[in-house]
Structures are given as C-alpha cells and as structure tokens.
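Numbering (my numbering), first residue to last: 59 to 236.
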C-alpha cells in the first residue's frame with residue numbers, strides 16, 4: 059500500500075497536467091506573450107506519451123532489461139523524468155522546454171504503466187486489486203489537488219520563469235522517491 063501511495067503521489071504531482079501546468083501556462087503567456095490557442099497547441103504534444111501507454115506495457119512484459127520485467131523500466135523511466143525536470147530548472151527557450159517536458163511526459167507515462175502492471179500483478183496475487191486501485195486514485199487525486207494549490211502559490215508569488223523553474227525543482231524530487 060505504501061508503494062502505491064508514494065507512486066501515485068509522485069504521478070499526481072509530476073504529470074505535465076500536475077504541478078508544472080499553471081507555471082508553464084503562465085510563463086508562456088507572460089514571458090512570451092503567447093495566446094491561449096498557441097499555449098494549447100504547444101501543450102498538446104504532451105498527450106502523445108499517454109496515448110501510446112499500451113506499448114510500454116507490452117515492451118516491459120516481453121522485453122526484460124537486466125533480468126527484470128519491471129524494475130529496470132521503473133528505474134530508467136524515473137531517472138529520465140528526474141533528469142528532464144532538473145534540466146527544466148535551467149531552460150528558458152520554448153523549444154528546449156517542449157523537448158525536456160516531453161521527456162518528463164514519457165518518463166511519467168512509462169512509470170505509470172509499469173506501476174499499473176505491478177498493481178494488477180500484486181492485486182491478483184494478494185486478492186487486493188480493489189484496495190490497490192482505491193489507494194491509487196486516493197493518493198493521485200490528493201496530489202493533484204495539492205499540486206493545484208502549490209502551483210497557484212508559485213504563480214502568485216514568483217516571476218513566471220522562477221515559478222516554472224521552482225515547480226520543476228519540486229517535481230524532480232517525486233520520481234526520486236519511487
């Protein structure tokens with residue numbers, strides 16, 4: 059239960075719709091003067107990693123890395139997300155930002171998929187799927203709500219780029235916990 063709560067707290071905070079969303083939108087609007095349509099078009103690319111989630115499940119199930127079906131993928135995906143969020147703390151150009159945030163989206167989507175597989179496997183093994191899924195959604199939604207409040211505070215109290223970089227630094231801590 060602790061594993062799933064930690065995983066889904068990090069996921070609720072770390073997705074591109076989580077803590078980074080408000081500071082990123084604000085930064086693109088305030089720093090670059092982008093319209094809502096431009097921001098929406100820019101952010102649309104971050105959905106791709108989530109659309110192809112089944113591919114990650116198939117790959118992790120049938121192509122073990124270093125003798126592990128899931129552990130190696132979790133470590134690599136989280137390391138990529140942490141590295142990319144650390145990179146975001148240093149970036150100011152929109153082109154670099156989209157690439158770095160796309161890496162975070164892939165890392166989070168892969169990690170989410172693999173954790174979901176762990177949830178299903180252990181849920182069946184211990185006849186606790188319902189309890190695990192309840193934990194998943196409870197902690198994900200708590201993290202998402204907290205992210206909204208924290209992101210609002212960052213946007214309200216910091217300059218746009220500083221709020222964006224601060225959000226990325228906070229998020230980089232999440233995957234390290236996994």
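Every residue gets a Cβ at the ideal spot worked out from N, C-alpha and C, and that includes glycine. Model, not experiment: these values are computed from the prediction.
When C-beta atoms of the stretch 118-131 are compared with those of the stretch 195-203, fewer than three pairs fall below 8 Å, so the two segments do not count as touching. Within the same chain, Cβ atoms closer than 7 Å to the Cβ of residue 156 are found at 100, 103, the five residues on either side in sequence being excluded. For the pair residue 206 and residue 172, the Cα-to-Cα distance works out to about 26 Å. Three or more Cβ pairs closer than 8 Å define a contact, and the stretch 157-176 meets that threshold against the stretch 137-147. Taking residue 153 as reference, the option from 224, 79, 90 with the minimal CA-CA separation is 90.
Within the stretch 117-204, the alpha helix (DSSP H) runs of at least 4 residues that lie entirely inside it are, in chain order, 129-146, 152-183. DSSP places residue 93 outside both helix and strand once states are collapsed to three, so it counts as coil. A contact is defined here as three or more CB-CB pairs under 8 Å, and the stretch 73-88 meets this definition with respect to the stretch 216-229.
Per DSSP, the unbroken alpha helix (DSSP H) holding residue 106 starts and ends at 106-109.
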